[in-house]
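Note that the protein sequences, when read in sequence, are chains A and B.
Numbering follows my numbering, with no gaps: position 130 of the first sequence is 130.
With positions in the second sequence counted from 1, the corresponding number in my numbering is that position plus 1000.
What follows is one structure encoded as structure tokens, with my remarks underneath.
There are 2 protein chains.
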Amino acid sequence: MSVRYRIQCPAGSIEARAQALAVEQSIEMPLEAVRDARVRAEVVGEVRSIDALPDAPGQFDVVLALATETVGDEAGQLMNMLFGNCSLQPDVALIDLQLPAATLARWPGPRFGIEGWRAAVGAAGTRRPLSCSALKPQGLPLEALAALAYTFARAGIDVVKDDHGLADQPAAPFAQRVPAVQRAIERANRDKAAHGGALAGHRSLYAPSLSGGPRRLAAQLRIARDEGVGALLACPMIVGVPVFVELLRAEAGVPLLAHPALAGSARIGAPLLLGRLFRLFGADATIFPNWGGRFSYPRADCLAIAERARAPLGAHAPILPVPAGGMSVERVREMLDDYGPDTMLLIGGNLLAAGDAMPARAAEFAARVACAFETHDSRS
Amino acid sequence: MSVRYRIQCPAGSIEARAQALAVEQSIEMPLEAVRDARVRAEVVGEVRSIDALPDAPGQFDVVLALATETVGDEAGQLMNMLFGNCSLQPDVALIDLQLPAATLARWPGPRFGIEGWRAAVGAAGTRRPLSCSALKPQGLPLEALAALAYTFARAGIDVVKDDHGLADQPAAPFAQRVPAVQRAIERANRDKAAHGGALAGHRSLYAPSLSGGPRRLAAQLRIARDEGVGALLACPMIVGVPVFVELLRAEAGVPLLAHPALAGSARIGAPLLLGRLFRLFGADATIFPNWGGRFSYPRADCLAIAERARAPLGAHAPILPVPAGGMSVERVREMLDDYGPDTMLLIGGNLLAAGDAMPARAAEFAARVACAFETHDSRS
């Protein structure tokens, strides 16, 4: 596999630094002490190219060839060989990864992808973007969270997710929260059908937040399955990417929304981690902080995340990029102009800040998203 | 709980920035949109102090009070509330955490701690440091790894660990590697007993590297238990801290060595993460890159990691700091002068680089460590 790093280094020592990185991310010992001929020929990492960045003196893009046999098909071991030790070296950032076609097929990839989301919300065959909002703040009692979920779903928002801070706290324990919220969502879906009009046939999905170790996660998966929830949310960098692949991707049975908590900002390129790797590991949608909000990802990175989420990747389906983080209803048009229809927009606090006008604000958000690419807005 | 962050920010906006961080790491929505009185009073994070760093203009230490109810007793959720979202904000670093005494007791902490390691290697009742080396490079066939393990153990090295890059690769699959290496270690222990002298009664421990999702890990734990291995190695940031707590700490039954792969260097303070948090999560020893090697941790950070590994922490036992990463036998004395006897020194490549003289070099390393604080060196 081919791995691109960015290294900060004086020009005079970049060749030695790149070689040291190739050793660090493969055999982790002095090359001259390796006696095994096969290891020297097939396992030791190789420097493929070194390019000075034209606009950044002392910065270099270094491409290494690393042996896929060191990784197998295990997500944690892939992270380990890509960035395990060198995460401890502040002069190195991980930028990109190209896997050979045969290796791509070893990763599960998304089970549902973009079309799976559309089918689940009752928009199969369309090419419309999706809307998403979040149940918050944590600390609310479950009745309040369920009431909020009803309002969002009744307003036509496609995916109602738990705030990623909602775990299994005493104020709204998972085992009580999920049934209560799911029933509120189902009631809203029934009410939309009964009411007729543009939202008849629209199905909102609830995506509860999974957290904890394997036993807790398995118990949460059982509850979600028993209650018939339509999607799930998890933070791959917190639960661990091996758990995301082996437990959640394998057993969720519904679309998976990946949240970037703990995914850092500085040292692994966001397009690679949030766009490509989370997709390979099984996410059907990937949340990331859009520019101009509470986070500082540059616009080019945000667009690159979206590109990676949807670009051809072996036989793996494209997934939805989910720009988020302090977005507002006023920015819907601009965001959709940037990201296009294969996108899910996530707005949370901006809806809640509308106070008594929140239901109308949520309906406006849902309608603007759903109808953005129609010539005539069928809801208005 | 009290959490210390370092924020880079113009002085004129630090108060607003600190307040925004308190909101981000608790309720994640505009404060004015929170209507629930209990949430406003008990769940929203609070800024406790803001201190300009005297020697670093534009840098501030900000202490927040965050509600322990948001975290419960779950390691992943603790990481989430400490650094989930703000990991995506490059102006923020996580520096320190103080948990109330009642909360400390919710974490498992180390099962064995420093005295547990000494008892396991046959050094109960002494106060001597421990030695550790690594089986590498990955790619070697199992016979070669087992032969290396025999040599290290026969030389008197206390802990022989897998290189953290050894996972379940075809060259030496876990299910074959662990029995082969464990038997080599046991043979070396028997040979030391039969030979008599200073190493009679010395027991080397093998610490295989665990990796993968919960099913693979459970299978690996079974193999390790069936073979009677004496210790285990894992990377908490790769397998996921919830898995480390719920599966490995709960079920390992032998001392756990935490490896810092993927633990980053820049944005979570190493003393907090590698010293305090890994200990709370159940590590009995914590490996970190010592200064002057292939990594660039400053000396003060390294000493602070060791301090955090051993300082009083509720009822939790102290654990062994394990300085590593390009160390050499020549530095043993200096490292022990710095770290003292409650330490495990890890040297890998420097021993292997000795070629045919490796067995003698390994014995020299083991003896220098074991006898460093004796008046008379009983092995010489």
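Glycine included, each C-beta is placed from N, C-alpha and C at the ideal position.
{"Query": "Any chain A beta carbon closer than 8 angstroms to B/A1016", "Result": "no"}
{"Query": "Closest by C-alpha distance to A/A65, when choosing among A/E246, A/D96, A/R35 and A/A171", "Result": "A/D96"}
{"Query": "C-alpha gap between A/I27 and B/G1165, whole angstroms", "Result": "8 angstroms"}
{"Query": "Residue-level contact to chain A via CB, B/F1281, 8 angstroms cutoff", "Result": "no"}
{"Query": "4 or more residues per run - each alpha helix (DSSP H) lying fully within the region 231-261 of chain A", "Result": "236-239"}
{"Query": "Closer than 8 angstroms to chain B by CB, A/M29", "Result": "yes"}
{"Query": "Min CB distance B/S1378 to chain A below 8 angstroms", "Result": "Since pLDDT at B/S1378 reaches only 49, below the 50 mark, its modelled position is unreliable, and the value read off the structure follows with that caveat. Closer than 8 angstroms: no."}
{"Query": "Cβ-based contacts, 9 angstroms cut-off: residues of the region 1159-1174 of chain B near chain A", "Result": "D1163, H1164, G1165, A1167, D1168, Q1169, P1170 and A1171"}
{"Query": "Where B/E1126 falls, given that 16 or more other Cβ within 10 Å makes a residue buried", "Result": "Contrary to the premise, residue 1126 of chain B reads as Thr rather than Glu in this sequence. By the neighbour-count rule (16 or more Cβ atoms within 10 Å), B/T1126 is not buried but exposed."}
{"Query": "Cβ-based burial, A/S381 [other Cβ within 10 Å; buried from 16]", "Result": "As shown, chain A starts at 1 and ends at 380. That puts residue 381 of chain A outside it, with no answer to give."}
{"Query": "Paired residues, beta bridge with A/L135 - DSSP", "Result": "A/D162"}
{"Query": "Local Cβ density within 10 Å of A/H195, reported as buried at 16 or more and exposed below that", "Result": "exposed"}
{"Query": "Beta carbon of A/L351 nearer than 8 angstroms to that of A/S209", "Result": "no"}
{"Query": "The region 1111-1123 of chain B in contact with the region 1054-1065 of chain B per 3-pair CB rule at 8 angstroms", "Result": "no"}
{"Query": "C-alpha distance - B/L1094 paired with A/A261, whole-angstrom precision", "Result": "14 angstroms"}
{"Query": "Unbroken beta strand (DSSP E) run spanning B/E1046, endpoints", "Result": "E1046 to A1052"}
{"Query": "Cβ-based burial, A/S49 [other Cβ within 10 Å; buried from 16]", "Result": "exposed"}
{"Query": "Beta-carbon contacts of B/A1124 that lie in its chain and below 6 angstroms, excluding the five residues immediately before and after", "Result": "R1118"}
{"Query": "Length-filtered (4 minimum) alpha helix (DSSP H) runs lying within the region 328-368 of chain A", "Result": "332-339 and 349-352"}
{"Query": "Contact list for A/L262 against chain B, beta-carbon separation under 8 angstroms", "Result": "M1079, N1080, F1083, G1084 and S1087"}
{"Query": "Reduced DSSP secondary structure (H/G/I, E/B, other) of A/D284", "Result": "coil"}
{"Query": "Chain B contact for A/S133 (CB, 8 angstroms cutoff)", "Result": "no"}
{"Query": "Listed by chain order, chain B residues near A/L277 by CB distance under 8 angstroms", "Result": "Those do not exist, as A/L277 stays about 12 angstroms from chain B at its closest Cβ, beyond 8 angstroms."}
{"Query": "Residue environment, B/V1369, which counts as buried when at least 16 other CB atoms sit within 10 Å", "Result": "buried"}
{"Query": "Top-ranked residue by Cα proximity to B/V1254, from B/V1121, B/V1332 and B/P1214", "Result": "B/V1121"}
{"Query": "Alpha-carbon spacing of A/F112 relative to B/S1087, whole angstroms", "Result": "29 angstroms"}
{"Query": "The region 197-204 of chain A touching the region 234-253 of chain A, judged by at least three CB pairs closer than 8 angstroms", "Result": "no"}
{"Query": "C-beta contact flag for A/V245 and A/G293 at 8 angstroms", "Result": "no"}
{"Query": "The region 96-107 of chain A in contact with the region 1329-1338 of chain B per 3-pair CB rule at 8 angstroms", "Result": "no"}
{"Query": "Reference A/G355, options B/D1036, B/S1002 and B/V1023, closest by Cα", "Result": "B/D1036"}
{"Query": "When B/A1184, B/P1179 and B/E1186 are compared against B/I1223, the one with the closest alpha-carbon", "Result": "B/P1179"}
{"Query": "Supposed contact pair A/L247 and A/A207 - C-beta distance, whole angstroms, cut 8 angstroms", "Result": "A/A207 to A/L247, Cβ: 17 angstroms. No contact."}
{"Query": "Helix, strand or coil at B/Q1059 according to DSSP, with G and I counted as helix", "Result": "strand"}
{"Query": "Residue-level contact to chain A via CB, B/P1406, 8 angstroms cutoff", "Result": "Because chain B spans 1001 through 1380 in this model, residue 1406 of chain B falls outside it and cannot be assessed."}
{"Query": "Option nearest B/A1309 by Cα separation, candidates B/G1109, B/A1175 and B/R1038", "Result": "B/G1109"}
{"Query": "Rounded C-alpha distance that separates B/K1136 from B/I1347", "Result": "12 angstroms"}
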